[in-house]
Each structure stands twice: as structure tokens, then as C-alpha cells.
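S.K.: Please read through the structure below; I'll follow up with questions.
Residue numbers (my numbering): 31 to 277.
Right, here's the structure in full:
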């Protein structure tokens, strides 16, 4: 939701879904970037979104998010760390599900789920809940997940290097009221992990949590850009790509 593909000079395809974790982003990247699976060659950059909580966020373990696994089970036949085995998971859904044909007329590939319209702004209720929403990550620090996801991130960067793809790692902007209450310990840990990775791989890191110029009118809640903010941030990312192209 933080990207507006129309703001990029070069062709861009967004393989992300709402709340997609790094594990499944990497599974997609392996298929997109590897020549033997039909990918590679024409792809020059990989935009990898991370946040300070990314290395603790295993989608398959969160009861509030694991309902989204169906998308990935269908594509990858992989439930990751979800408690329900794959075969039992598949038995829950009708096999005809994959045979449905959807009309593609007036299909906006930049706004598949229509989550970017209409333009929404952060309301008073969101501001009141900023502390609770940011501090929730203090209770979701899982050492095993951290170890696994730091390794996935390393593998992701290695994959890019093997296929001559330049990684652009970035956080997305969040509101000041969200940053105010977010764990400084988790942020420091995250920055350390990024620094260690950048010692090994040639990548660009844009930490948008530190960017100036974003205010409450650019967000629809405390940690998600609205369509106005997405256009503003995508312009910044496009400029990063332009600089890399001209360097």
C-alpha cells in the first residue's frame, strides 16, 4: 500500500501483498529472479521492504494474519510454520477454486485490492491507538524467528547478487506518533542486522523512518501511507533508482 507504481520512470511490478512477511517475499523472489524458473535477465533492481519488526514477523505464526496463508499455499504448496499440515490445509478448500476465471476489464494492476482508494486520512482514533499499535512489537520478539529471518534476508541478498540484481532495501515512512512509542531496542537491533548485511552485499539502504517531509496528511493510519503519501514516497524511490542508473 505504500507504493504507487505510476510514479516510477522504469517499469515496476509490485509482488507484495498486505502484511506479506519476508519469508514469502523471498519465495516469490526466487521464482522471479532465477533464470531457470523463467525470471532474471531483464530485472535490474529488487526493492525489498523491511521494517524494524520484520525479523520478528512470521506471518504463519500470527493468528491475526495467518488467514492470508491461502494465497501462498495455492502458489507455493508451503504453509511455512503454520500448525496445520499442508495436506490437511488443502483439504479445506474446493479444488475448483483455482479454476475460477475473473474478468480483467478495467483491472488496475497497481491497485488490485482497491486498498488505495478512496483517499483516506489518519483520524483521531488512530492517533489515540498509536502507542498500543507500536508497543505491540515489544511482546512479539521471538528469538527463533529472528534467527530464521536474518538468515532469509542474507539468502535474499545473495540471490540478488547471483543474478546481477541490485537490492534497494528500504523502510516505509510511518507517522511521528507511531515512531515515538516504538521500541528503541528493536530499532537498534534492526539497524545492526542491516549494517552486518551491507558489509557482505552491495545494496542501497533507504531508511524512510528518518525521512523528513511527511506529515499526518500522508497517512491513513499511524503506520500506513495513503495514496498521497505513497505517491510522494514512490517519487523518492524513483529518484534513488535514477541516481543508481546515472552513477
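Where a beta carbon is used, it is the ideal one built from N, C-alpha and C, also for glycine. Note that the structure is predicted; figures quoted are calculated from it, not measured.
#1: So what does residue 78 bridge to, in DSSP terms?
#2: Between the region 222-230 and the region 183-191, do three or more beta carbon pairs fall short of 8 Å?
#3: Below 6 Å CB to CB, which residues in the same chain sit around residue 106 once its five sequence neighbours on both sides are set aside?
#4: Hey, out of 199, 191, 55, whose CA is closest to residue 238's CA?
#5: Is residue 82 a contact residue of the ligand MG, with contact defined as CB to any heavy atom under 8 Å?
#6: Enumerate in chain order the residues of its own chain whose CB-to-CB distance from residue 170 is below 6 Å, with the five nearest sequence positions on each side excluded.
#7: For residue 249, which of helix, strand or coil comes out of DSSP?
#8: What residue range is occupied by the uninterrupted beta strand (DSSP E) comprising residue 51?
#9: Give the secondary structure of residue 236 by DSSP, where H, G and I count as helix, E and B as strand, and everything else as coil.
#10: Counting only beta-carbon separations shorter than 9 Å, does residue 207 have a partner in chain B?
#11: Going by the CB atoms, is the gap between residue 205 and residue 252 shorter than 9 Å?
#12: Classify residue 104 as buried or exposed, calling it buried when 16 or more other Cβ atoms lie within 10 Å of its own Cβ.
#13: Just the C-alpha distance for residue 194 and residue 75, rounded to the nearest angstrom, thanks.
#14: Just to confirm, are residue 244 and residue 220 a CB contact at a threshold of 9 Å?
#15: Give me the Cα-Cα distance between residue 77 and residue 166, rounded to the nearest whole angstrom.
#16: Using a Cβ-Cβ cutoff of less than 8 Å, which residues in the same chain neighbour residue 159 once the five nearest sequence positions on both sides are dropped?
#17: Pull the bridge partners of residue 254 from the DSSP assignment, please.
#18: Going straight from the alpha carbon of residue 52 to that of residue 59, what length do you get?
#19: How many angstroms separate the CA atom of residue 65 from the CA atom of residue 45?
#20: Are residue 79 and residue 48 close, meaning C-beta to C-beta below 9 Å?
#21: Just to check my reading of the structure: residue 224 and residue 235 have Cβ atoms closer than 8 Å, yes? What is that Cβ distance to the nearest angstrom?
#22: Within this structure, are the beta carbons of residue 157 and residue 256 separated by less than 9 Å?
#23: Compute the Euclidean distance between the alpha carbons of residue 254 and residue 154, then round it to the nearest angstrom.
#24: Would residue 84 be called buried (16 or more neighbouring beta carbons within 10 Å of its own) or exposed?
#25: Nearest by alpha-carbon distance to residue 32: which of 112, 272, 273, 265 is it?
M.R.: For this structure:
#1: 199
#2: yes
#3: 57
#4: 199
#5: What this structure holds is no ligand at all, so the ligand MG is not there to describe.
#6: 86
#7: strand
#8: Careful: residue 51 lies outside any beta strand (DSSP E) and carries neither H nor E.
#9: strand
#10: Reference to chain B is not applicable here, since this structure consists of a single protein chain.
#11: yes
#12: exposed
#13: 9 Å
#14: no
#15: 26 Å
#16: 252
#17: 251
#18: 10 Å
#19: 17 Å
#20: no
#21: 6 Å
#22: no
#23: 15 Å
#24: buried
#25: 265
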